[in-house]
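Asker: I am attaching a structure below and will ask some questions about it afterwards.
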Amino acid sequence: MKRITNDIYHIGVNDRNIDLFESQYPVPNGMAYNSYLIKDEKVAVFDTVERHFTDEWFSNIEEILGDFAPDYLIIQHMEPDHSANIMNFANKYPTAKLVGNAKTFKFMEQFFGDALADRQVVVKEGETLSLGSRELTFIMAPMVHWPEVMVTYDSKDKVLFSADAFGKFGATDTDEEWLDEARRYYIGIVGKYGMQVQALLKKASVLEIEKICSLHGPVLESEIDKVIEKYNIWSSYGVEKDGVVICYTSVYGHTQEAINLLRDKLSAKGIEVKTYDLARTHKSVAVADAFSYGKVVLATTTYNNEIFPPMREFLAEIKERGFQNRTVGIIENGSWAPQAAKIIKAELENCKNITFCENTVTIKSALNDESRAQVDKLVEEVI
Numbered sequence: 011m012k013r014i015t016n017d018i019y020h021i022g023v024n025d026r027n028i029d030l031f032e033s034q035y036p037v038p039n040g041m042a043y044n045s046y047l048i049k050d051e052k053v054a055v056f057d058t059v060e061r062h063f064t065d066e067w068f069s070n071i072e073e074i075l076g077d078f079a080p081d082y083l084i085i086q087h088m089e090p091d092h093s094a095n096i097m098n099f100a101n102k103y104p105t106a107k108l109v110g111n112a113k114t115f116k117f118m119e120q121f122f123g124d125a126l127a128d129r130q131v132v133v134k135e136g137e138t139l140s141l142g143s144r145e146l147t148f149i150m151a152p153m154v155h156w157p158e159v160m161v162t163y164d165s166k167d168k169v170l171f172s173a174d175a176f177g178k179f180g181a182t183d184t185d186e187e188w189l190d191e192a193r194r195y196y197i198g199i200v201g202k203y204g205m206q207v208q209a210l211l212k213k214a215s216v217l218e219i220e221k222i223c224s225l226h227g228p229v230l231e232s233e234i235d236k237v238i239e240k241y242n243i244w245s246s247y248g249v250e251k252d253g254v255v256i257c258y259t260s261v262y263g264h265t266q267e268a269i270n271l272l273r274d275k276l277s278a279k280g281i282e283v284k285t286y287d288l289a290r291t292h293k294s295v296a297v298a299d300a301f302s303y304g305k306v307v308l309a310t311t312t313y314n315n316e317i318f319p320p321m322r323e324f325l326a327e328i329k330e331r332g333f334q335n336r337t338v339g340i341i342e343n344g345s346w347a348p349q350a351a352k353i354i355k356a357e358l359e360n361c362k363n364i365t366f367c368e369n370t371v372t373i374k375s376a377l378n379d380e381s382r383a384q385v386d387k388l389v390e391e392v393i
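Residue numbers (my numbering): 11 to 393.
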């Protein structure tokens, strides 16, 4: 339990046992499931926590309230890592009202079979709830990143309770910067919904925000403008970093040799370069940087008349998240019938504003003078 302001408390939990968030994203520093409590004339709790932490969560509530009962549970997001304890809360505090929008309670019935209709407070865009000395304003944020998502603004303490927006991977007691794991979290989980995030940012732009309380990661209490600026770049599919990210697969090392040559030549020109072996790096890390840098080089072999599987999986991941507004260079390898460049271009043909480099590097088995010269041309074009 942590006090955020005089009347606002963090009552969430840290999961240090989890290995994969949503069964796919490695979280070596664990995961936070945040919940908050406002103690005013009325008491409001914001969201619950993952099902394995029921007792710890109730203990956090009781540390603040003792035997008193909360008046409201505000349900901003029905994903199970935040909603798992709704019925436990309702049973423990039978006089508490449940606050959500119409879609909230539809999902609630689907998960629990009972939407507790007699205890619902259904809110719409811009409606408010008084806790006494403060009013909470509800702002709908559909598809950031579920249809029922809403966020809540406390004008007294100028706090935005932002649901999954502005979250990150990692437990709250992890000593790490917000940015890298926030980027990987955003691109992986929310990245497809850039248009909807832009709509939320537009609504938030008229609010005076001094703190952001997300459902994952730390409470953000400084450089709020920079945090929002990052979300604006990510959600508009803009370029965050100057430089080149190289994503590749290499079976016997010959394609990697070409990558090393390209990397060294770009670095010698003062260009920042990040490289990822897609067979050995988790795709969420490479995907995040593919959306961060403005120039991406893809290198892979022809394999079974297709492209090497990790590259195909990577392309599916970036397409699913709306990959666009990028310059793409290609290096292909094939001992008798190289087709990787053609396949990559076909895979990305429906992505918006993709510019393919004219100079494709084609390796037939191993680098030779001709393919090295192609690398030189690709370097100049990328620059």
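Ideal Cβ placement from N, Cα and C applies to all residues, glycine included. Given the structure is predicted, the values throughout are model-derived calculations rather than measurements.
#1: If we ignore side chains and look at the alpha-carbon of each, how far apart do I18 and V229 end up?
#2: Quick check: what's the CA-CA separation for L210 versus M88?
#3: Beta-carbon separation of R3 and N95 under 8 Å?
#4: List the whole-angstrom C-beta distance separating K305 from V392, where the pair is believed to meet the contact cut-off of C-beta under 8 Å.
#5: Would you list the one or two residues that DSSP bridges to K12?
#6: Who are the near neighbours of T64 in its chain, counting only those whose CB is closer than 6 Å to its CB and skipping five residues on each side?
#7: Have a look at S375 and T184 and give me their C-alpha separation to the nearest angstrom.
#8: Between which residues of its own chain and S215 is the CB-CB distance below 7 Å, once the five residues before and five after are set aside?
#9: Just to confirm, is the Cβ distance from F152 to Q86 under 8 Å?
#10: Candidates E359, I354 and P90: which alpha carbon is nearest T451's?
#11: Counting Cβ pairs closer than 8 Å, one from the stretch 324 to 339 and one from the stretch 221 to 238, do we hit at least three?
#12: With a CB to CB cut of under 8 Å and the five nearest residues on each side skipped, what residues in its chain are close to T265?
#13: With a threshold of 8 Å on Cβ separation, who are the neighbours of G204 within its own chain once the five nearest residues in sequence on each side are excluded?
#14: Excluding sequence positions up to five away, which residues of its chain have a Cβ less than 7 Å from the Cβ of S45?
#15: Which first and last residues belong to the alpha helix (DSSP H) in which R336 is found?
#16: From this set, V53, D91 and Q130, which residue's C-alpha is nearest D77's C-alpha?
#17: So, with DSSP's three-state summary, where would you put T162?
#18: Please state if the CB of I328 and the CB of V295 are separated by a distance shorter than 8 Å.
#19: Give me the DSSP bridge partner(s) of D287.
#20: Check whether the stretch 31 to 50 touches the stretch 178 to 197, taking contact to mean three or more Cβ pairs, one atom from each stretch, closer than 8 Å.
#21: By Cβ distance, which residues of its chain are closer than 8 Å to K275, with the 5 residues on each side in sequence left out?
#22: Which residues does DSSP pair with M41 in a beta bridge?
#23: Can you check whether the CB of D164 is closer than 8 Å to the CB of L139?
#24: By alpha-carbon positions, which one of G180, T105, V261 and V283 ends up nearest to K251?
#25: T105: buried (16+ other C-beta within 10 angstroms of its C-beta) or exposed?
#26: Within the continuous alpha helix (DSSP H) that includes M97, where are the two ends?
#27: Do Y303 and V237 have their CB atoms nearer than 8 Å?
#28: Starting from the N-terminal side, write out each stretch of the beta strand (DSSP E) that is 3 residues or longer and does not extend beyond the stretch 111 to 149.
#29: If we count the other Cβ atoms within 10 Å of its Cβ and call it buried at 16 or more, is A383 buried or exposed?
#30: Taking the beta strand (DSSP E) that K305 falls in, what are its first and last residues?
#31: Around the Cβ of S381, are there at least 16 other Cβ atoms within 10 angstroms (buried) or fewer (exposed)?
#32: State the start and end residues of the unbroken alpha helix (DSSP H) segment that holds K240.
#33: Excluding the 5 residues flanking I424 on each side, which residues of the same chain have their C-beta closer than 6 Å to its C-beta?
#34: Between the beta-carbon of L126 and the beta-carbon of E51, is there less than 8 Å?
#35: Applying the 10 Å Cβ sphere with the 16-neighbour rule, what's the burial state of T182?
#36: For K240, which option in A347, M160, A175 and G339 has the closest C-alpha, if you only look at C-alpha atoms?
Answerer: Per the coordinate set shown:
#1: 11 Å
#2: In a straight line, the C-alpha of L210 is about 18 Å away from that of M88.
#3: Because the chain here runs from 11 to 393, residue 3 falls outside it and cannot be looked at.
#4: Cβ atoms of K305 and V392 come within 8 Å of each other, at about 6 Å.
#5: H20
#6: Beyond the five residues adjoining it in sequence on each side, T64 comes within less than 6 Å, by CB distance, of N95 and N98 in the same chain, given in chain order.
#7: 46 Å
#8: none
#9: According to the sequence as given, residue 152 is Pro; it is not Phe. Contact flag unset, no.
#10: Shown here, the chain extends from 11 to 393; a query on residue 451 therefore has no answer.
#11: no
#12: Y258, T259, A309, T310, T311, I341, N343 and I373
#13: W244, S245, S246, Y247 and G332
#14: I21, G22, V55, F56, D57, T58, V59 and W67
#15: For R336, there is no enclosing alpha helix (DSSP H); the enclosing beta strand (DSSP E) has its first and last residue at R336 to N343.
#16: V53
#17: strand
#18: Between V295 and I328, the C-beta gap is not smaller than 8 Å, which leaves the two residues out of contact.
#19: Paired residues: Y258.
#20: yes
#21: These residues qualify, in order along the chain: V385, D386 and V389.
#22: M41 is bridged to D25 and G180.
#23: no
#24: V283
#25: exposed
#26: I96 to K102
#27: no
#28: 130 to 132 and 138 to 140
#29: Exposed: under 16 other Cβ atoms inside 10 Å.
#30: Taken as a continuous stretch (DSSP letters only), the beta strand (DSSP E) holding K305 covers Y303 to Y313.
#31: So S381 ends up on the buried side.
#32: I234 to S245
#33: An answer regarding residue 424 cannot be provided, because it is not within the stretch 11 to 393 covered by the chain.
#34: no
#35: That one is buried.
#36: The shortest C-alpha separation from K240 is found at A175.
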